[in-house]
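In the working numbering, the protein residues as written are 463 to 699.
C-beta atoms are modelled at their ideal positions from N, C-alpha and C, and glycine is treated no differently.
Here the structure is a predicted model, which is why all the values come from computation and not from measurement.
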Amino acid sequence: MKRQSSYRFVVTIAVLFVAAGLAPAVSPQGEKVKVPRAPVAGVRAEIPAARAVMLSDLRRAKCEGDAAAAARLHDRLGWTDASAPAIPSHIAPEVVIRDDRPRDPLKWGGDVLVSQPDWSSGYQAMACRSDGTFYVVVDDLNANFLDLYDSADGGATWNYLYSLSSSLGDLYFPSLAIGEGLHDRLLIAYEQARNMPNSSLVVYWQDLDTFLNGTVVVDTYPDHILGHPKICVDSPE
Numbered sequence: 463m464k465r466q467s468s469y470r471f472v473v474t475i476a477v478l479f480v481a482a483g484l485a486p487a488v489s490p491q492g493e494k495v496k497v498p499r500a501p502v503a504g505v506r507a508e509i510p511a512a513r514a515v516m517l518s519d520l521r522r523a524k525c526e527g528d529a530a531a532a533a534r535l536h537d538r539l540g541w542t543d544a545s546a547p548a549i550p551s552h553i554a555p556e557v558v559i560r561d562d563r564p565r566d567p568l569k570w571g572g573d574v575l576v577s578q579p580d581w582s583s584g585y586q587a588m589a590c591r592s593d594g595t596f597y598v599v600v601d602d603l604n605a606n607f608l609d610l611y612d613s614a615d616g617g618a619t620w621n622y623l624y625s626l627s628s629s630l631g632d633l634y635f636p637s638l639a640i641g642e643g644l645h646d647r648l649l650i651a652y653e654q655a656r657n658m659p660n661s662s663l664v665v666y667w668q669d670l671d672t673f674l675n676g677t678v679v680v681d682t683y684p685d686h687i688l689g690h691p692k693i694c695v696d697s698p699e
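So, in structure tokens, the structure goes:
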């Protein structure tokens, strides 16, 4: 039975702010400077069932230190020392690339390219769900966006999910956490409209089971520049 984690206060405050009409209008969308595109929400590449089982077995073999089993699964997955296919994403112009697998089957390969847009990005943050799903959020430095990606295969390939934006000002310096307890939620803390009359610290949340989402204005700092916010959750144990 899941135990309620300490991030429950985030959801409670979010309901109050949304009900009062005070939360900023942050919504998933996909428009980009230089490369406009239609809104996208939660698009995910489907992994064949047999391949998903092998990936799960591979994760278990690595955790148990079973080099022989990991090597056999590498072969069954078609991963070799010379393989480095480029896999186009379903949303241009981003691409994801799986790098070479190393000779040691208990270690992953080198760097994996998550995205290759033609705009500048930075201040990335990463978190992992207990089922092994990775999430990365990155600041689009050319526009008012925070871009979210996920990986369901241990970081070998990545999918663009959606972007956050607000009409109240640019978003800066995202921090990412996954809270799992009574509810499983993805949380992104960020600065909004820094050095402006309405500068504030905001938390965006999304329920990973129901996909409901909302925002919380944690505090406001008129005309100030905030320090990079960080967010974390306690253990559900």
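Taking a C-beta distance under 8 Å as the contact criterion, residue 660 and residue 666 do not qualify as a contact pair. Here the C-alpha atom of residue 686 lies approximately 27 Å from the C-alpha atom of residue 695.
In the displayed model, residue 520 falls within a helix according to three-state DSSP. At least 8 Å separates the beta-carbon of residue 601 from that of residue 611. Residue pairing by DSSP places residue 634 opposite 653 in a beta bridge.
Residue range 583–590 is occupied by the beta strand (DSSP E) that includes residue 587. Apart from sequence neighbours up to five positions away, the residues of its chain that approach residue 650 with a beta-carbon distance below 6 Å are 599, 636, 638 and 666, ordered along the chain. If you check the CB distance, residue 688 and residue 663 come in under 8 Å. Nearest to residue 595 by C-alpha distance, out of 583, 618, 577 and 603, is 618.
Per DSSP, the unbroken alpha helix (DSSP H) holding residue 539 starts and ends at 529–539. The beta carbons of residue 633 and residue 626 sit about 6 Å from each other, so the pair counts as a contact at 8 Å. In this structure residue 623 does not touch residue 647 by the C-beta definition: roughly 15 Å separates them, more than the 8 Å allowed. Residue 639 sits in a strand when the DSSP states are folded into three classes. Counting only residues of its own chain and dropping the five nearest sequence neighbours on each side, residue 692 has a CB closer than 6 Å to the CB of 637.
With respect to the 8 Å criterion, residue 523 and residue 535 are classified as neighbours on the basis of their beta carbons. In chain order, 558, 576, 611 and 613 place their CB closer than 6 Å to the CB of residue 620, counting only its own chain and leaving out the 5 sequence neighbours on each side.
Residue 530 and residue 518 have their C-alpha atoms roughly 16 Å apart. Its chain contains 539 as the residues whose beta carbon lies nearer than 8 Å to that of residue 513, once the 5 sequence neighbours on both sides are disregarded; these appear in chain order.
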